[in-house]
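>
Numbering (my numbering), first residue to last: 284 to 552.
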């Protein structure tokens, strides 16, 4: 049968979401879970942005605290390094049933709260004839590929915008070149939508600061791993950097920092 299998790795186990059951690999052992025995619940939890809990472009910041606080929650002035720490509200996914006890913390709350509905869809698929399941999974796979393509295009557009705004302003030539490049890459947006996304990027830039935005873009750029794609992104960065006829130091530094992500990922693999 021709269908895409969803994969999740957690607790040193690999979970493969087959059309009629969940296959679990635990080292050399293989087991299975029936969709009918699995329940998914959602909740929210607020935690400090430290350690593995880092602020990302899709996380929801609901407040701030300090590294050292008094009993009333105010900052303890005795410490000079008492930095302000964002409070992030995560979506919490609990998977229970069939021997599975798994909790996931999801920065994108919208996706977290969609999970129970997605599980219900899988449970419905498991009750259908295998041929119907395969057809449904192919259709869903096509939809997921479109979502993944848009996510990659969003990362590329943000990376190009970082180069454009590296020197503090965006020239008409740089903006026009970005439009040309996104059209050449077959991004799923028209010119007005690209302008709106760049405007939204600029709003985030003013709110969070250039360094925070650049770090987030580098983190998301690491998801682009295919050599053909990384080479294309590198060429696009160069085109934007040279668009107005003058390569500034800030632009080159941003471009080099983004490309360093690709080099680091290649060394790991």
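Even glycine gets a Cβ: it sits at the ideal position worked out from N, Cα and C.
Could you check what DSSP says for residue 403 in three-state terms: helix, strand or coil?
helix
> Which residues in the same chain have their Cβ closer than 7 Å to the Cβ of residue 367, if we skip the five residues on either side of it in sequence?
347 and 349
> Mapping the DSSP letters down to three states, classify residue 332 as helix, strand or coil.
coil
> Is the stretch 460–475 touching the stretch 435–443 in the sense that three or more CB pairs, one from each, lie closer than 8 Å?
yes
> Taking the alpha helix (DSSP H) that residue 291 belongs to, which residues open and close that run?
First-last for residue 291: 289–293, but that is the beta strand (DSSP E), not the alpha helix (DSSP H).
> Any idea if residue 484 is buried or exposed, counting beta-carbon neighbours within 10 angstroms, 16 or more meaning buried?
buried
> If you compare alpha carbons, which of 377, 523, 497 and 308 is closest to residue 323?
377
> Can you tell me whether DSSP reads residue 361 as helix, strand or coil?
coil
> So, helix, strand or coil for residue 284, using DSSP?
Caution applies to residue 284, whose pLDDT of 47 falls short of 50 and renders its modelled position unreliable; the value that the coordinates give is listed next. Looking at residue 284 - three-state DSSP - the assignment turns out to be coil, as it is neither helix nor strand.
> Please determine if the stretch 293–310 and the stretch 354–372 are in contact, where contact requires at least 3 C-beta pairs separated by less than 8 Å.
no
> Classify residue 357: buried if its beta carbon has 16 or more other beta carbons within 10 angstroms, exposed otherwise.
exposed
> Is the stretch 431–439 touching the stretch 506–526, taking contact as three or more C-beta pairs under 8 Å?
Pairwise C-beta distances place the stretch 431–439 in contact with the stretch 506–526, as three or more of them are shorter than 8 Å.
> Assuming residue 321 is part of the beta strand (DSSP E), what are its boundary residues?
Element bounds for residue 321: n/a, residue is neither H nor E.
> Could you check whether the stretch 496–505 touches the stretch 524–543, counting it as contact only if at least three pairs of C-beta atoms, one from each stretch, sit closer than 8 Å?
yes
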